[in-house]
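Asker:
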Amino acid sequence: MPHTTAFARNQWYVAAYAHEVGRELLGRTVLGEPLVLYRTEDDGRPVALHDRCVHRRYPLSASGLDGDRIVCGYHGFTYDTTGACVYVPGQKRVPRTARVAAYPVVEQDALIWVWIGDPALADPEVIPRARHLDSPGWVTVSGMEPIDADYGLLVDNLLDLSHETYLHGGYIGTPEVAETPITTEVDEGAGIVRVSRRMDDAACPPFYAKSTGISGRITRWQDIEYHAPCLYLLHSRIAPVGVVPEPDGSDPNGFHTEITYAITPSADGEVYDFWMVSRDWATDDAEVTEFLRANNHTVVMQDVDALNLLQRTLGSERSGYQELSINIDTGGLAARRILARLVEEGDKPVEKVL
Numbered sequence: 005m006p007h008t009t010a011f012a013r014n015q016w017y018v019a020a021y022a023h024e025v026g027r028e029l030l031g032r033t034v035l036g037e038p039l040v041l042y043r044t045e046d047d048g049r050p051v052a053l054h055d056r057c058v059h060r061r062y063p064l065s066a067s068g069l070d071g072d073r074i075v076c077g078y079h080g081f082t083y084d085t086t087g088a089c090v091y092v093p094g095q096k097r098v099p100r101t102a103r104v105a106a107y108p109v110v111e112q113d114a115l116i117w118v119w120i121g122d123p124a125l126a127d128p129e130v131i132p133r134a135r136h137l138d139s140p141g142w143v144t145v146s147g148m149e150p151i152d153a154d155y156g157l158l159v160d161n162l163l164d165l166s167h168e169t170y171l172h173g174g175y176i177g178t179p180e181v182a183e184t185p186i187t188t189e190v191d192e193g194a195g196i197v198r199v200s201r202r203m204d205d206a207a208c209p210p211f212y213a214k215s216t217g218i219s220g221r222i223t224r225w226q227d228i229e230y231h232a233p234c235l236y237l238l239h240s241r242i243a244p245v246g247v248v249p250e251p252d253g254s255d256p257n258g259f260h261t262e263i264t265y266a267i268t269p270s271a272d273g274e275v276y277d278f279w280m281v282s283r284d285w286a287t288d289d290a291e292v293t294e295f296l297r298a299n300n301h302t303v304v305m306q307d308v309d310a311l312n313l314l315q316r317t318l319g320s321e322r323s324g325y326q327e328l329s330i331n332i333d334t335g336g337l338a339a340r341r342i343l344a345r346l347v348e349e350g351d352k353p354v355e356k357v358l
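For the sequence shown, our numbering gives the first residue as 5, with consecutive numbering after it.
Right, here's the structure in full:
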């Protein structure tokens, strides 16, 4: 794999959870662009501006708000929600070039999405959905971990779940995950990769045994839906062995869990790993909620450590090394092709997903 996966700029990316953006200024970096995010005072809509004052490049995220205007904490240059400078200390005339970029921003499904590329191409209708994140009847635990690794490595990691057996044994991994063949479907036009692994008779890993109370063997379905470049959905179904889960999770003997990741490149060799675990069962059980939060955080940190190590290893690899891929890599290889195409074809946005 190349040391760095190129960025597709004319795409939507998750910059933050909705609950992170408020009246306190929040700094994030997306595709190498420093952003400052906040909400307006009257209607609470999210705003995303370039996080550098035009005067001496002071981070606006380290500054303050006066109403809906950001006042630079260094020399007082003041910006409105469009990025226009409306006040310069010591003079009445505001230079014509005194403006910072304002980025299209959409709040949807408890996530804040931003568009770093050409604003004229920003179509909110193409943002993929994760409705379970803020739908009634669902409870979600979440977090975000920065990883010092190329975002393509995280895409690879999530599209090949056979690593659960070895990296996450004792948490979510069992031998059956690695042993079970996958099926892969690719929608090139929509930029979607689907990878499914259906286990009819598998051990129940502690992640599910301790949260559901199931003892013994289980039927376990893992259906991945990756929307390039940013959103990853894992539709997880488990049930006692012999019970075939319903795809919509409606079987009363089964358990339906949605695992969501937002994969947002921060800069070359850096990625934000937004992770979410949503369930529609035991929604009033605080102990289950805390167990899933702590357990999944441990799993995520195992991935963080592995990908940080892998990035360092690739950085020291000799020139001309040829990577070996096998059947389980089919989904990841398809994702690489789609990501490369989004860059090569002028970063055209993907088709609307209905």
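Glycine is no exception: its CB is placed at the ideal position from the N, C-alpha and C atoms.
Source: prediction; values computed, not measured.
#1: For S240, which three-state DSSP category applies?
#2: Could you tell me whether the segment 74-92 touches the segment 111-127, using the rule of 3 or more Cβ pairs below 8 Å?
#3: Can you give me the Cβ contacts of A271 inside the same chain, cut-off strictly under 7 Å, excluding the 5 residues immediately before and after it?
#4: Pull up the distance between the alpha-carbon of P6 and that of L318, whole angstroms please.
#5: Pick out whichever of I176, Y276 and F295 has its Cα sitting closest to the Cα of S240.
#6: Have a look at V2 and R341 and give me their C-alpha separation to the nearest angstrom.
#7: Just the Cα atoms here: how many angstroms apart are A52 and R297?
#8: Less than 9 Å between the C-beta atoms of V118 and A19, yes or no?
#9: Counting beta carbon pairs with one atom in the segment 130-145 and one in the segment 279-286, are three or more of them shorter than 8 Å?
#10: Could you spell out where the beta strand (DSSP E) holding A4 opens and where it closes?
#11: Nearest CA to the CA of E274: which residue from I151, I131, E28 and Q15?
#12: Report whether the distance from the Cβ of L39 to the nearest heavy atom of the ligand NAP is below 8 Å.
#13: Pop quiz: V245 and I222 are said to be a contact at Cβ under 8 Å. What is the actual Cβ separation, rounded to whole angstroms?
#14: State whether the segment 154-161 contacts the segment 38-50, with contact taken as three or more CB pairs (one from each stretch) at a distance under 8 Å.
#15: Excluding the five sequence neighbours on either side, which residues of its own chain have a C-beta within less than 7 Å of the C-beta of S329, listed in chain order?
#16: Taking the continuous beta strand (DSSP E) assigned at E37, which residues delimit it?
#17: Given that a residue counts as buried once 16 or more other Cβ atoms are within 10 Å of its Cβ, and exposed if not, what is T287?
#18: Here's a check: name, in chain order, each residue in its chain whose Cβ is nearer than 7 Å to the Cβ of D333, leaving out the five neighbours to either side.
#19: Using a Cβ-Cβ cutoff of less than 7 Å, which residues in the same chain neighbour P209 once the five nearest sequence positions on both sides are dropped?
#20: DSSP on V357, reduced to helix/strand/coil?
#21: Within the same chain, show all residues whose beta-carbon is closer than 6 Å to that of L346, passing over the 5 residues directly before and after it, in chain order.
#22: Just list the residues that DSSP pairs C89 with in beta bridges.
Answerer: Reading from the atomic positions:
#1: Counted from its first residue, the sequence shown places residue 240 at position 236. Under the three-state reduction of DSSP, S240 is assigned to strand.
#2: No: the two stretches stay apart, fewer than three of their Cβ pairs being nearer than 8 Å.
#3: Residue numbering aside, residue 271 sits at position 267 when the sequence shown is read from its first letter. Within the same chain, A271 has close Cβ partners T33 and G36.
#4: Numbered from its first residue, the sequence shown carries residue 6 at position 2. Numbered from its first residue, the sequence shown carries residue 318 at position 314. Because P6 sits at a pLDDT of 44, beneath the cut-off of 50, its placement in the model cannot be relied upon, and the point is left open.
#5: Here residue 240 refers to the residue found at position 236 of the sequence shown. Comparing Cα positions, the closest option is I176.
#6: With the chain running from 5 to 358 in the structure shown, residue 2 is simply not present.
#7: As a working note, residue 52 is residue 48 in the sequence shown. As a working note, residue 297 is residue 293 in the sequence shown. Taking the straight line joining both Cα atoms gives about 29 Å.
#8: Your numbering for residue 118 matches position 114 in the sequence shown. Your numbering for residue 19 matches position 15 in the sequence shown. Their beta carbons are under 9 Å apart, which means V118 touches A19 by this criterion.
#9: Short answer: they touch.
#10: Lying outside 5 to 358, the shown extent of the chain, residue 4 is not represented and no answer is given.
#11: Along the sequence shown, read from residue 1 onward, the residue named residue 274 stands at position 270. Nearest to E274 by C-alpha distance, out of I151, I131, E28 and Q15, is I151.
#12: Inclusion of the ligand NAP in the displayed structure is not the case, the ligand content being empty and no account of it being possible.
#13: For the purposes of this step, residue 245 is taken as residue 241 along the sequence shown, with counting starting at 1. For the purposes of this step, residue 222 is taken as residue 218 along the sequence shown, with counting starting at 1. Going by Cβ atoms, the distance from V245 to I222 rounds to 6 Å, so yes, they are a contact pair.
#14: No contact exists between the segment 154-161 and the segment 38-50.
#15: Working through the sequence shown from its first residue, we reach residue 329 at position 325. L337, listed in sequence order.
#16: On the sequence shown, residue 37 is found 33 positions in, with the first residue counted as 1. In the DSSP assignment, E37 falls within the unbroken beta strand (DSSP E) covering E37 to R43.
#17: One-based indexing of the sequence shown puts residue 287 at position 283. Exposed, since its Cβ has fewer than 16 Cβ neighbours within 10 Å.
#18: As a working note, residue 333 is residue 329 in the sequence shown. The answer, listed in chain order, is D164.
#19: Residue mapping note: residue 209 aligns to position 205 of the sequence shown, counting from 1. By the criterion of a C-beta distance shorter than 7 Å, P209 is surrounded in its chain by Y175, I176, G177 and T178, once the five residues flanking it on both sides are discounted.
#20: Indexing the sequence shown from 1 puts residue 357 at position 353. Per-residue confidence for V357 stands at a pLDDT of 47, beneath the threshold of 50, marking its modelled position as unreliable; the derived number appears in the next sentence. In this structure, V357 counts as coil in the three-state DSSP scheme.
#21: Within the sequence shown, residue 346 is the residue found at index 342, counting from 1. The beta carbon of L346 lies closer than 6 Å to those of A12 in the same chain, with the five residues before and after it left out.
#22: Mapped onto the sequence shown, residue 89 falls at position 85. C89 pairs with Y83.
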